[in-house]
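Protein chains in written order, with the numbering used here: chain F, 1 to 274; chain L, 1 to 274. We put the beta carbon where it would ideally sit given N, CA and C, even for glycine. On a predicted model such as this, the values are computed, not experimentally measured, just so you know. Here the structure is laid out as structure tokens; the discussion comes afterwards.
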């Protein structure tokens, strides 16, 4: 295993570049920190270009096991002096491992869909933390896929990976324009609902047991006009308080779990049909 | 209106101290930034000691109206040079106003409770952002009160106020020890449920139409032993994915809205009783 001992090392410099989204986009590479997301990446067949190991860092048993497996698979392992390794990390927490990973294409065409899916569409969402939080909940609630429409952040942003606990690496997902997403949903016969505070229909009145998609916008910008047209029924969460909006990841969670509730209980409990 | 023109001004220095929770605790004062939370504080009868106004900052109509009202109520208004004012703020956004506010007592005894309440108990939660997010959702979902048990952050932390969109200033709430909270819930005949990933009962199986409380712990520390005893039934959200935990504000949101759904639909749709 070679060792990086200088801040002048080109590999170190490249990692530092990959802290910025424009370089990630240009180089079609991104970074994964920590054991758990790295394992998810390996299991989900991401192409790992190289993995950096922090010199002298006490590795957890899970980290050691992972390293052995990476080595078996022929992934280059590079040791890095601790002070230099720390400067490679974006997050606060050092688990001793950092990977440079090839950004895979995440297109609608190649996105696997389970039968009777619920698809979450995040339109124009800008905060990686929010995107990550939605992935984390989507994964837990059994959502079939998450689509970023017109994203204002990159899918494999380190903060997204972190906030998703790695779910963004494990779930079916895609990036596309709103028009492409709308066409896709139509072609796949998914009933499409837009989450909007001014909708007349409450989210509990929808039959979520059918194949469906829910479109969620950013808090700052709302939804693009395409999702506000008449062919997309709106749904809203009741809001009884003084505050007039909910965080997008909260709105998403409540709808995802209502869909799951209906699906688990056969859908006989939809308010609109009872 | 007097004007602060120096970083040596003792009022400036006090505001800077109030950025730290230990000084907020000692002085029993806290800070409110922005127009909306400030209005909520006024409407909810917080005692405003003084309000700083950023010199030359273009105030919104809502801000100007608020200032007039504060002036009518005799709240001292102090102008501050822009460069100094900026250093008084904790948040990124400058709306031109900052208030020093007396920390009110928030005890269980004085906490108003609506009839048939749902009470949210946050036990040992450490991140102000999470506490604020729970308040924001609780307000929207019609939760009766939010109680912090053994908090690891102060109730009126600026980040909590910000993340709650001010709801922490408007909602019934209290701070107490877990034992005090448990006694209180018993005295008030609230059925108490602990959110835990290892519970056998799903959250949809609970009858949330009765007066109830749900206790949520921190992601890092889990719940205190008091809430893991047999007299507190556990409830869990189904988790179908690779990720094995949910953010506390997401868990809270899903339970709050399930309770609201049951309450709005008369409770006939509880899974366990159908």
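Quick one: what's got a C-beta closer than 6 Å to residue i's C-beta in the same chain, skipping five residues either side?
{"i": "residue 234(F)", "result": "194, 196, 199"}
{"i": "residue 273(L)", "result": "Its pLDDT being 40, under 50, residue 273(L) is placed unreliably in this model, and the value from its coordinates should be taken loosely. Nothing meets the Cβ criterion."}
{"i": "residue 188(L)", "result": "none"}
{"i": "residue 228(F)", "result": "none"}
{"i": "residue 268(F)", "result": "Low confidence applies to residue 268(F): its pLDDT is 47, below 50, so where it sits in the model is not reliable, and the reading given next is rough at best. Closer than 6 Å at the Cβ level, and outside the excluded window around residue 268(F), lies no residue."}
{"i": "residue 70(F)", "result": "51"}
{"i": "residue 3(F)", "result": "79"}
{"i": "residue 263(L)", "result": "209"}
{"i": "residue 64(L)", "result": "none"}
{"i": "residue 22(L)", "result": "none"}
{"i": "residue 5(L)", "result": "81"}
Near residue i, what residues of its chain come up, given a Cβ to Cβ distance below 8 Å and the 5 sequence neighbours on each side ignored?
{"i": "residue 76(L)", "result": "49, 50, 51"}
{"i": "residue 15(F)", "result": "31, 52, 88, 98, 100"}
{"i": "residue 152(L)", "result": "124, 125, 126, 218"}
{"i": "residue 271(F)", "result": "Low local confidence applies: a pLDDT of 46 at residue 271(F) is under 50, so the model's placement there is unreliable, with the coordinate-based value given in what follows. Result list for residue 271(F): 202, 204, 205, in chain order."}
{"i": "residue 113(F)", "result": "119, 144, 145, 172, 188"}
{"i": "residue 238(L)", "result": "202"}
{"i": "residue 47(L)", "result": "101, 102, 104"}
Enumerate in chain order the residues of its own chain whose CB-to-CB distance from residue i is below 7 Å, with the five nearest sequence positions on each side excluded.
{"i": "residue 223(F)", "result": "123, 194, 196, 215, 217"}
{"i": "residue 258(L)", "result": "203, 204, 208"}
{"i": "residue 179(F)", "result": "226"}
Less than 8 Å between the C-beta atoms of residue i and residue j, yes or no?
{"i": "residue 78(L)", "j": "residue 24(L)", "result": "no"}
{"i": "residue 125(F)", "j": "residue 147(F)", "result": "no"}
{"i": "residue 40(F)", "j": "residue 155(F)", "result": "no"}
{"i": "residue 140(L)", "j": "residue 134(F)", "result": "no"}
{"i": "residue 106(L)", "j": "residue 174(L)", "result": "yes"}
{"i": "residue 190(F)", "j": "residue 220(F)", "result": "no"}
{"i": "residue 129(F)", "j": "residue 142(L)", "result": "no"}
{"i": "residue 53(L)", "j": "residue 67(L)", "result": "yes"}
{"i": "residue 31(F)", "j": "residue 158(F)", "result": "yes"}
{"i": "residue 103(L)", "j": "residue 131(L)", "result": "no"}
{"i": "residue 56(F)", "j": "residue 93(F)", "result": "no"}
{"i": "residue 33(F)", "j": "residue 90(F)", "result": "yes"}
{"i": "residue 137(L)", "j": "residue 252(L)", "result": "yes"}
{"i": "residue 275(F)", "j": "residue 18(F)", "result": "Look at the range of chain F in this structure, 1 to 274, and you will see that residue 275(F) is not part of it."}
Identify which residue in the options has its Cα closest to the Cα of residue i.
{"i": "residue 165(L)", "options": "35(L), 112(L), 66(L)", "result": "35(L)"}
{"i": "residue 256(L)", "options": "21(L), 45(L), 117(L)", "result": "117(L)"}
{"i": "residue 45(F)", "options": "144(F), 58(F), 172(F)", "result": "172(F)"}
{"i": "residue 86(L)", "options": "65(L), 179(L), 7(L)", "result": "7(L)"}
{"i": "residue 43(L)", "options": "167(L), 177(L), 192(L), 4(L)", "result": "167(L)"}
{"i": "residue 209(F)", "options": "71(F), 150(F), 115(F)", "result": "115(F)"}
{"i": "residue 225(F)", "options": "150(F), 263(F), 92(F), 91(F)", "result": "150(F)"}
{"i": "residue 183(F)", "options": "108(F), 246(F), 47(F)", "result": "108(F)"}
{"i": "residue 192(L)", "options": "163(L), 232(L), 205(L)", "result": "232(L)"}
{"i": "residue 95(F)", "options": "58(F), 29(F), 20(F), 207(F)", "result": "58(F)"}
{"i": "residue 246(F)", "options": "250(L), 181(L), 245(L)", "result": "250(L)"}
{"i": "residue 248(L)", "options": "26(F), 163(F), 207(F)", "result": "163(F)"}
{"i": "residue 181(L)", "options": "60(L), 121(L), 65(L)", "result": "121(L)"}
{"i": "residue 1(L)", "options": "264(L), 137(L), 185(L), 74(L)", "result": "74(L)"}
{"i": "residue 111(F)", "options": "9(F), 29(F), 18(F), 185(F)", "result": "185(F)"}
{"i": "residue 9(F)", "options": "84(F), 230(F), 179(F)", "result": "84(F)"}
Is residue i near the ligand GTP, in the sense that its beta carbon is under 7 Å from a heavy atom of that ligand?
{"i": "residue 40(L)", "result": "The model on display carries no ligand, and the ligand GTP is accordingly not part of it."}
- [ ] Please confirm if the stretch 200-208 of chain L is in contact with the stretch 97-115 of chain F, defined as three or more CB-CB distances below 8 Å between the two stretches.
- [x] No, the stretch 200-208 of chain L is not in contact with the stretch 97-115 of chain F.
- [ ] Only counting runs of 4 or more residues, tell me where the alpha helix (DSSP H) segments fall wholly within the stretch 152-239 of chain L, in order along the chain.
- [x] As far as the stretch 152-239 of chain L is concerned, its whole alpha helix (DSSP H) runs of at least 4 residues are 158-163, 167-170, 178-187.
Task: alpha helix (DSSP H) runs wholly inside the stretch 66-154 of chain L, at least 4 long, in chain order - done: Taking 4 residues as the minimum length, the alpha helix (DSSP H) runs contained wholly in the stretch 66-154 of chain L are 82-88, 128-140, in order along the chain.
- [ ] Only counting runs of 3 or more residues, tell me where the beta strand (DSSP E) segments fall wholly within the stretch 14-45 of chain L, in order along the chain.
- [x] Taking only runs of at least 3 residues, the beta strand (DSSP E) segments lying wholly in the stretch 14-45 of chain L are 29-33.
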